[in-house]
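Have a look at the structure below, then the notes.
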Amino acid sequence: MNRLQSELHRLYLLTSPDLGGHLIDGAGQVRAMVMELTGPADWDVLSKVWRGVQADLELPAPAIAVSGSDGLQLWFSLQAPMSALRAAAFLAHLQARYLAGVAPARLRLSPSAAGQTFDAALVPAQQDATENWSAFVAPDLAPVFADTPWLDIPPGIEGQADLLARLESIKPAALAAAMQRLQPVVSTGSSPAAQPSSADVEPKRFLQQVLNDETAALALRVEAAKALLRYAEQPGSRQND
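Under my numbering, think of the first position of the sequence shown as 187, with each following residue one higher.
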């Protein structure tokens, strides 16, 4: 295993030997969360999330990547595996907080809102359709790739490893605190004490929060509704919170 592979496993890949480097397992657990902006891949827009999670939520900086096709990506690393549904809810809250004015069609979130798929491919990788490469990039270079978010040649393994080596994973306690800060504002007539702690909220309730959040994009609220229907159809799903 080279340095780059070691860093990818440290930050994003599930550690069970039989998973072979998957980003999501059969139980719907993930250690990576990806937010991608396309059409165009405008760093001035996506950087609001990159800066906001550090300044407002006190989380480690996510990695920045060009997708190899049409987007810029933020790769968040989780120290401990987490439900894909909860990860999707976190990304939805970030979108509502920092990118509310961006058309939903320009954003791709992995895992998906339903928590069933992880559409982003591991970086770096060559794209079959164009033969261009995805790659991690430094923050000061991200604006350069707005019109061409790809590399024409394979990125250097050592350079990619160096970029990832500087990054830290989000600890469970820090994520719980960030989730709490991202909750929709409590109405005047509601008691803050009645609001559930995000550390204890289950994926189903996160989806309900996205569905009820009037600041969230309509497309996300529709996806949350669909996911709740699927959740209700699962054998053994809870009927009451």
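Each residue gets a CB set at the ideal place from its N, CA and C atoms; glycine is no exception.
Being a predicted model, the structure only gives us computed values, none of them experimental.
DSSP bridge partner residues for residue i (one or two, in chain order)
| i | result |
| --- | --- |
| Ala321 | Val252 |
| Arg294 | Glu222 |
| Gln210 | The sequence given here places Ile at residue 210; Gln does not occur at that position. Partner(s): Val216. |
| Gly257 | Thr224 |
| Ile356 | Leu264 |
| Gln312 | Trp319 |
| Ser192 | Paired residues: none, contrary to the question. |
| Leu337 | Trp319 |
Anticipated Cβ contact below 8 Å, residue i with residue j, distance rounded
| i | j | result |
| --- | --- | --- |
| Gln215 | Ser269 | 7 Å |
| Ser263 | Leu197 | 4 Å |
| Ala306 | Gln259 | 7 Å |
| Ser355 | Pro246 | 7 Å |
Exposure of residue i, with buried meaning 16 or more beta-carbon neighbours within 10 Å
| i | result |
| --- | --- |
| Ser192 | exposed |
| Leu277 | buried |
| Pro358 | exposed |
| Glu317 | exposed |
| Ala274 | buried |
| Ala328 | buried |
| Met365 | buried |
| Ala213 | exposed |
| Ala282 | buried |
Pair within 8 Å by beta-carbon distance, residue i and residue j
| i | j | result |
| --- | --- | --- |
| Gly257 | Thr224 | yes |
| Val220 | Tyr284 | no |
| Gly301 | Leu271 | yes |
| Pro267 | Arg189 | no |
| Leu209 | Leu353 | no |
| Ala332 | Asp228 | yes |
| Leu280 | Glu222 | no |
| Gln346 | Pro310 | yes |
- Does the region 318-326 touch the region 245-263, meaning 3 or more C-beta pairs lie closer than 8 Å? Of all C-beta pairs linking the region 245-263 to the region 318-326, three or more are shorter than 8 Å, placing the two stretches in contact.
- Are the region 339-353 and the region 236-245 in contact at 8 Å, needing three or more beta carbon pairs? No, because fewer than three Cβ pairs between the region 339-353 and the region 236-245 fall closer than 8 Å, the two stretches do not touch.
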